[in-house]
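Here it is as structure tokens:
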């Protein structure tokens, strides 16, 4: 426990030192450039930041951007789950989907945003862009989690004719969900960044990106820095909060998988072994898993 607390304190100190370094770089740039229109001072930017918190326009724009980001992030995760399921079940689906994923990964965000402006409104285009940018990342994470499942355990469940529902919720979900949830915060932070960038290009009304665009037109660099700081703080808070969703899987893993290098544990025993023992135990003890015993001749 003492070593764990010491590690947390050390990480906190290192994080604070990193923030101090970034602030120092900003301060040096402000001194060297000596032009508030190019690099505003920290004081001016913070003053603009706190003044924004008292305006209804800012909160309306902030809420709309956050709402668009949330449903775009959820839509990307849902699409990734559907296509990852197809890829896991059907052998040819993964090879068929791979070219689409490669295209979504490599297409420039600015190009796809400008093209979508021709077909969609400035309010809808940023959401579509965000889904297209986050979807391939979520899909790759889910497929990596599926590839990391214990195939021997799944094969044993098939041999003992464990029902599909039991295999899904007692074997696959407990092994796939922890690494996927561990990346939820990072995906949301990326979605917020893409959303604001697309809003700037689309000049979306009532959005953080729209406010940044207006500040750029008016050469209000301090306001641009303040809005950027808002995005940074918001993304950091959501990334920190959503990354803790993995704790909801403790009922399967016994403790956070992230604390053990991504390997789920329960009671000091690797989860895959525990499940294997439970599967055999259920077969011996009147098949509590619902299986019908091992297949003969296998």
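Residue numbers (the working numbering): 21 to 318. Just so you know, even glycine gets a beta-carbon here, dropped at the ideal spot from N, CA and C.
Inter-residue spacing [alpha-carbon to alpha-carbon] between residue i and residue j
| i | j | result |
| --- | --- | --- |
| residue 179 | residue 173 | 10 angstroms |
| residue 60 | residue 112 | 55 angstroms |
| residue 241 | residue 71 | 15 angstroms |
| residue 104 | residue 75 | 43 angstroms |
| residue 232 | residue 55 | 20 angstroms |
| residue 170 | residue 161 | 17 angstroms |
| residue 97 | residue 154 | 8 angstroms |
| residue 26 | residue 34 | 12 angstroms |
| residue 32 | residue 184 | 45 angstroms |
| residue 79 | residue 73 | 7 angstroms |
| residue 65 | residue 84 | 23 angstroms |
| residue 87 | residue 143 | 12 angstroms |
| residue 42 | residue 253 | 14 angstroms |
| residue 268 | residue 262 | 11 angstroms |
| residue 243 | residue 38 | 24 angstroms |
| residue 102 | residue 177 | 23 angstroms |
| residue 77 | residue 57 | 24 angstroms |
| residue 115 | residue 106 | 11 angstroms |
| residue 189 | residue 182 | 11 angstroms |
| residue 30 | residue 186 | 42 angstroms |
| residue 23 | residue 265 | 24 angstroms |
| residue 108 | residue 191 | 14 angstroms |
| residue 222 | residue 51 | 34 angstroms |
| residue 40 | residue 236 | 27 angstroms |
| residue 117 | residue 49 | 46 angstroms |
| residue 28 | residue 159 | 31 angstroms |
| residue 239 | residue 126 | 32 angstroms |
| residue 95 | residue 131 | 22 angstroms |
| residue 53 | residue 44 | 14 angstroms |
| residue 234 | residue 135 | 22 angstroms |
| residue 110 | residue 122 | 19 angstroms |
Cβ-Cβ distance between residue i and residue j below 8 angstroms
| i | j | result |
| --- | --- | --- |
| residue 205 | residue 219 | no |
| residue 69 | residue 246 | yes |
| residue 215 | residue 146 | yes |
| residue 251 | residue 93 | no |
| residue 259 | residue 208 | yes |
| residue 133 | residue 89 | no |
| residue 124 | residue 152 | yes |
| residue 249 | residue 82 | no |
| residue 255 | residue 213 | yes |
| residue 129 | residue 67 | no |
| residue 47 | residue 36 | no |
Local conformation of residue i per DSSP, three classes
| i | result |
| --- | --- |
| residue 146 | helix |
| residue 203 | coil |
| residue 140 | coil |
| residue 257 | helix |
| residue 58 | coil |
| residue 94 | helix |
| residue 223 | coil |
| residue 182 | coil |
| residue 27 | helix |
| residue 74 | coil |
| residue 63 | helix |
| residue 83 | helix |
Where the alpha helix (DSSP H) containing residue i begins and where it ends
| i | result |
| --- | --- |
| residue 121 | 111-126 |
| residue 188 | Premise fails: residue 188 is in no alpha helix (DSSP H) and is neither H nor E. |
| residue 233 | 228-237 |
| residue 172 | 171-179 |
Closer than 8 angstroms to chain B by CB, residue i
| i | result |
| --- | --- |
| residue 178 | Looking for chain B here will not work: only one protein chain is present. |
Examine the Cβ distances between the segment 200-208 and the segment 129-141 and report whether three or more of them are shorter than 8 angstroms.
Verdict: no, contact absent.
Three or more beta-carbon pairs under 8 angstroms between the segment 162-170 and the segment 181-197, yes or no?
Flag = yes, the segment 162-170 and the segment 181-197 touch.
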